[in-house]
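Below: one structure, written as structure tokens.
4 protein chains.
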Amino acid sequence: MIIVMNPGAKDAQIEQISEHLHKLDLKIHKSQGEDHMILGVIGDISRVDIEKVKGFDGVNKIIRISESYKQCSRTFKPTNTIVHVGKVPFGSKEIAVIAGPCSVENEKMVHKLSREIKRYGAHVLRGGAYKPRSSPYTFQGLGEEGLKYLQDAAFASGIPCVSEVMAISDIDLFCKYVDALQVGARNMQNYSLLKALGSVDKPVILKRGISATVEEWLNAAEYIVNGGNSQVILCERGIRTFENSTRFTLDLSSVPVVKKLSHLPIIVDPSHAMGNRDLVVSMARAAVAAGADGIMVEVHDDPNNALSDGPQSLYPKQFNHLMKELHIISQVIGRGLLKK
Amino acid sequence: MIIVMNPGAKDAQIEQISEHLHKLDLKIHKSQGEDHMILGVIGDISRVDIEKVKGFDGVNKIIRISESYKQCSRTFKPTNTIVHVGKVPFGSKEIAVIAGPCSVENEKMVHKLSREIKRYGAHVLRGGAYKPRSSPYTFQGLGEEGLKYLQDAAFASGIPCVSEVMAISDIDLFCKYVDALQVGARNMQNYSLLKALGSVDKPVILKRGISATVEEWLNAAEYIVNGGNSQVILCERGIRTFENSTRFTLDLSSVPVVKKLSHLPIIVDPSHAMGNRDLVVSMARAAVAAGADGIMVEVHDDPNNALSDGPQSLYPKQFNHLMKELHIISQVIGRGLLKK
Amino acid sequence: MIIVMNPGAKDAQIEQISEHLHKLDLKIHKSQGEDHMILGVIGDISRVDIEKVKGFDGVNKIIRISESYKQCSRTFKPTNTIVHVGKVPFGSKEIAVIAGPCSVENEKMVHKLSREIKRYGAHVLRGGAYKPRSSPYTFQGLGEEGLKYLQDAAFASGIPCVSEVMAISDIDLFCKYVDALQVGARNMQNYSLLKALGSVDKPVILKRGISATVEEWLNAAEYIVNGGNSQVILCERGIRTFENSTRFTLDLSSVPVVKKLSHLPIIVDPSHAMGNRDLVVSMARAAVAAGADGIMVEVHDDPNNALSDGPQSLYPKQFNHLMKELHIISQVIGRGLLKK
Amino acid sequence: MIIVMNPGAKDAQIEQISEHLHKLDLKIHKSQGEDHMILGVIGDISRVDIEKVKGFDGVNKIIRISESYKQCSRTFKPTNTIVHVGKVPFGSKEIAVIAGPCSVENEKMVHKLSREIKRYGAHVLRGGAYKPRSSPYTFQGLGEEGLKYLQDAAFASGIPCVSEVMAISDIDLFCKYVDALQVGARNMQNYSLLKALGSVDKPVILKRGISATVEEWLNAAEYIVNGGNSQVILCERGIRTFENSTRFTLDLSSVPVVKKLSHLPIIVDPSHAMGNRDLVVSMARAAVAAGADGIMVEVHDDPNNALSDGPQSLYPKQFNHLMKELHIISQVIGRGLLKK
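Protein chains in written order, with the numbering used here: chain A, 5 to 344; chain B, 5 to 344; chain C, 5 to 344; chain D, 5 to 344.
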């Protein structure tokens, strides 16, 4: 950590900061620049409250050198972490695919879709039972019934399943039915929920907040890991920008960026960002080419009558074709798809 | 609602959509443009799932004419809603001021600050006891103890108090101690929390999410109001943009925009966005000039030693000076400050 | 075009608008909704000034149905346009690659790099001679001398070359030396320059402005095409967002979006957005997987001593490896690289 | 400037950087942190190409301590610069107001408006003659004829006038007719134009680019000042964000930020950002309360029939009322309006 003092900062001001940092067992290295005194802070700065130090008189700015997250950083653990959803590994050499409907609408549809995606090579079934909808007047999900159908359908196809949890009070319920709990973009900084997931013995798929920087995202993961649950899979799902030809802007560069900064696996969900199935296919291919450890896509056999997010769901046939393309693209970059 | 069909959309496609909408008791008005068939949808569209209709074959785009929120809209209720925090009205002709420390750090400081802000004319005391911090390693607040100190200090000064709630399980506790519950920007789309606050008999101050559009913000308010609690105060606190000379970009235009769209009161918190006390003063003045029903600012008598957000807290003297300026600015635009 | 009137709009207001539009030979189709009168406008609306119509009393909002650009739209010309830079086609089934140094630094380096990129399969040489730099104190390019070196080096390798033009007064000079003129992101809405390029008989590579929507970008292309020059290649190079782990956010979804809306070829330049060579490789692969008609990358044989943008330039060896990967990825999606 | 090396950077790498910087007469101060070697660079770094240094092997990141602009910074010149448009001072204690139509539409209207705004207290007349329009098919301005009408109208009212210049070749023409040349947001990084304006003997009003950071904006101003023309007035006009209830998001916090960083005057144009006259009034008041040295607003006596930007133009009566409010608000903060 580097503290840049204002031009003409007084000795007493520097002294005040030094004292504060010494109490935290940190060493200070002073260096006088042309205009500014620069203080290099040496030691474990994880306990320093940077906002607080910014408040000291005479401070111009503070620059972090090391990351604010710790256990999630590649510095802390240089080798890739492999997270298992059921028996499916995420973060290994091979790429894993999660597919299924946006919402679990009824028992029959989720069974049918589970069989189809499994046949075409998907490894994990997804399906929403509790839906975060921007309006209180739209379909909010089937609730526990939906989770039950999801579990049954996944079991019948011999694959694990994931679903989004929105409230702490639902966590125990989810643990009965699903193999991984998903935290949606809107809850990425719901710290109470993150803390609660820290003591769960199931993997967590943590979607990136729609306006979260990569750093904030890794800090959100740190809440879960620091709570004791190191099975976190990051999921890029698009950020909010000024561009309105798609619903969100899928930030595929976050994939190689996260790979550099963290040992956690990262997957990409192009469905919500694109809002249109043709674009989803293009971006799913691009995600794998960019180095993602997996993708998550919505598939629906009758998107016209889907209860939510129809236009972005792939037809099963499209999904089948996509899987064949991903098979080769992943090999080009030295990886490959996980076996069915 | 208007549905624009693709050029060359087939009759069967239009028929399919019409049938779906007729089931919802809606009428369709067809109009053939140069290239596109346009369907005007007439009736109560609040139950229409727009994403679903987008999914029908042949649909090019859908345009909402009326707002997606209902009870929060000015169409629904043309007169301003006045929300009382304790006995302090928000949304009346006069402007109300909330002030206090970012965090309740100890009993003494919050008592001292409460007396000071009250003396200079503030109407409500603020103070955080449960803090949403981006890193799990920084100060997370005093918890219930903090709420207790806050309540005592406010009581001693004869003013009401507000604090931020982060978890559903804490709501009952908060109701014992505070006069209004604040929902932070990071939880603006935590729909479980919003629903729970819908059945609380205390006002809610709903901060705008850092990347929420005004429409999403009003929809979040709709969750609370639809749950039965119509006492919602909106609070602009800055949005995330590319500009990095301030922490967030305070979107003051949201004030007149919200005033037009909704009957709910709107206040502005310039402290978090600016991150620097000199800028806070400028923007507090600007907020009142722009038409805000109130402001919320952080005040700290020893910001250098604040446990959180020191650099953005006003010195009591600055706050005193600001109040005098607001007194006149609010009169210029035909309003005035609430009496002490 | 659809005009939504305010609730309670008066007949006289509707009459005023109708008269205005009738003068432009447009027909009006009225449709009374629950709250709003809706006017459908039928005919060639390219001459309508939408901002002006928004200004009429009683107008609530205006919704465009057709695109604001015309000659660049796929509706206007359904088949892909192929633009030739020298003899190299952009927009055909095969993918074309532009490579070279950020800046032409001296004669020797550009000759050496031209030979290398040609050997590894690049089809066009790039190199800046006039540089748009955010600070007036940094290297601004070699000017005409640089263009001369670039042309000589390209000629010696038997490939065409492109460079960025910044001023109308330089256009004639560029036409003597280069096979295509590039318009940089900062000049995408420099309409005087765009108009001047409309009468040039060389292809134009039009980079997307750092905060331009896809629609604005296509409108900028329309300026060139409408001036008489239909040889426009669009180039995605990253947009500005809040994320700061990369210099810009590469919006790869713009590739399939543009393909849908326009017949013009679109390429991707990942170098400037990423600012780091490892990320450039990932995103170049992703760009081709997403469906780009070509890519443009910076290559430098001694990036440590590059006069500009060193860290984002690929080493020739990396470029060689990337070309082999692109060869296969492009085949997976049914395309392939152009022959050397 | 601080250079942070990668963990484990080699001595040879540090040596290479040191040599490079020594050649530029800079001194290096080494400081070994926990993980990273930190190099403090001391001396005049304006000639250092930071991108280049980032390209050296072993470099992790580079942090600027001093600003990249120089002559525009308050460090360079601590006192406010006052720029005169005709005889009207911008940047003094008193606030100056520029008003007029978006476009000069005909001789009569600009004369009439000039008289009206002058009567209500405006100090400078504005009016566009060359319009940057996103579509080539909309009204592009009257050209020289428009400038002539503008000058005549301003002269008849005894006030100076400003208009936007878009091309280098038009600069001489503008100098014959106007008292200040405006650079529009779309040309803020048109460096050729900025350089050309550096040798003009008239003030330049430099609008902020729609996605320009404050730092880039000040660097754009530096181009003009470095060219020899120190008469630059900055103009905030809104930035592009995700919010779409207004056309742009007016960033009023840029006012106090610029005041801190630079000695140049800063004014605010709320008209283009808001796109709606009611919002313009609120934001104009807020701009003055935030500390702007002036405002620029569009006024039109018949906005319904304006050839461009009608809905955002104030009615003369509204403008009159606004001026009275600004009169008092400016006094509250110790300033006041310039006399008529």
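For each residue, glycine too, the CB sits at the ideal point set by N, CA and C.
This structure is a prediction, so every number in the text was calculated from the model and none was measured.
Residue i versus the options, residue with shortest Cα-Cα distance
i: B:Q17; options: B:R119, B:L177, B:G62; result: B:G62
i: A:I332; options: A:M287, A:H88, A:V292, A:I214; result: A:V292
i: C:D156; options: C:N10, C:I121, C:Y181, C:A290; result: C:Y181
i: B:D15; options: B:K152, B:V272, B:Q193, B:Q36; result: B:Q36
i: C:T83; options: C:A288, C:H40, C:P269, C:S138; result: C:P269
i: D:T85; options: D:G213, D:R130, D:G95; result: D:G95
According to DSSP, residues forming a beta bridge with residue i
i: A:K65; result: A:V8
i: C:H24; result: Paired residue(s): none; C:H24 is not in a bridge.
i: B:P93; result: B:H88
i: B:L341; result: B:I99
i: B:S77; result: B:S266
i: C:R281; result: Partner(s): none; C:R281 has no beta bridge.
i: C:M300; result: C:I102
i: A:R130; result: A:V166
i: B:L318; result: B:V303
Chain-ordered chain C contacts of residue i [CB-CB under 8 Å]
i: A:V218; result: E247, S249
i: D:P136; result: Q193, Y195
i: D:N223; result: S138, S139, P140
i: A:T253; result: I243, T245, T253, D255, S257
Range of the contiguous beta strand (DSSP E) that encloses residue i
i: C:M113; result: No beta strand (DSSP E) holds C:M113; the alpha helix (DSSP H) holding it covers 111 to 123.
i: C:I175; result: From DSSP, C:I175 is part of no beta strand (DSSP E) but of the alpha helix (DSSP H) over 175 to 181.
i: D:I209; result: 208 to 211
i: B:Q36; result: 31 to 36
i: B:V187; result: 184 to 187
i: B:I237; result: 236 to 240
Interface partners of residue i on chain C, CB under 7 Å
i: D:A171; result: I172, S196
i: D:T142; result: D53
i: B:H267; result: By Cβ distance, chain C contributes nothing, its closest Cβ being about 16 Å from B:H267, past 7 Å.
Element boundaries [alpha helix (DSSP H), containing residue i]
i: A:L265; result: 258 to 265
i: A:E148; result: 148 to 161
i: C:M41; result: First-last for C:M41: 41 to 46, but that is the beta strand (DSSP E), not the alpha helix (DSSP H).
i: D:E226; result: 218 to 230
Chain-ordered chain B contacts of residue i [CB-CB under 8 Å]
i: D:E71; result: Going along chain B, no residue has its Cβ under 8 Å from D:E71, so there is no contact; the nearest lies around 11 Å.
i: D:T79; result: Ordered by position in chain B, no residue passes the 8 Å Cβ test against D:T79, which lies about 16 Å from the chain.
i: A:I232; result: One point to set straight first is that residue 232 of chain A is Gly, not Ile, in the sequence displayed. By Cβ distance, chain B contributes nothing, its closest Cβ being about 12 Å from A:G232, past 8 Å.
Chain-ordered chain D contacts of residue i [CB-CB under 7 Å]
i: A:V8; result: I69
i: C:S215; result: I214, S215, R244
i: A:I46; result: G37, E38
Proximal residues of chain C, C-beta to C-beta of residue i below 9 Å
i: B:I3; result: As displayed, chain B neither begins before 5 nor continues past 344, which places residue 3 of chain B out of reach and without an answer.
Chain-ordered neighbours of residue i on chain D, where CB pairs are closer than 9 Å
i: A:I42; result: I6, H33, S35, I42, G44, I69
Within chain B, the residues that residue i reaches when beta carbons sit closer than 7 Å
i: A:Y227; result: P140
i: D:I237; result: Those within 7 Å of D:I237 in chain B number zero; the least Cβ separation is about 19 Å.
*Decide if the stretch 259 to 274 of chain A is in contact with the stretch 276 to 286 of chain C; the criterion is three or more beta carbon pairs, one per stretch, under 8 Å apart.*
Under the Cβ criterion (8 Å, minimum of three pairs), the stretch 259 to 274 of chain A counts as touching the stretch 276 to 286 of chain C.
_With a threshold of 8 Å, are at least 3 pairs of Cβ atoms found where one atom belongs to the stretch 89 to 99 of chain C and the other to the stretch 67 to 77 of chain C?_
Contact between the stretch 89 to 99 of chain C and the stretch 67 to 77 of chain C is absent, because fewer than three Cβ pairs lie under 8 Å.
*asked:* Using 8 Å as the cut-off, can you tell me whether the stretch 229 to 236 of chain B makes contact with the stretch 201 to 218 of chain D, which would need three or more C-beta pairs spanning the two stretches below that distance?
replied: Proximity of the stretch 229 to 236 of chain B to the stretch 201 to 218 of chain D falls short of the contact definition, fewer than three beta-carbon pairs being nearer than 8 Å.
*asked:* Does the contact criterion of 3 or more C-beta pairs under 8 Å hold for the stretch 102 to 115 of chain D versus the stretch 157 to 177 of chain C?
replied: Segments in contact, no.
_Meets three-Cβ-pair contact criterion under 8 Å: the stretch 319 to 334 of chain C and the stretch 130 to 143 of chain C_ = The stretch 319 to 334 of chain C, when compared against the stretch 130 to 143 of chain C, does not touch it at the 8 Å Cβ threshold.
*Is the stretch 50 to 62 of chain D touching the stretch 43 to 56 of chain A in the sense that three or more CB pairs, one from each, lie closer than 8 Å?*
The stretch 43 to 56 of chain A vs the stretch 50 to 62 of chain D: no contact.
*Report yes or no: do the stretch 244 to 263 of chain C and the stretch 204 to 222 of chain A share at least 3 C-beta pairs separated by less than 8 Å?*
Yes, the stretch 244 to 263 of chain C touches the stretch 204 to 222 of chain A.
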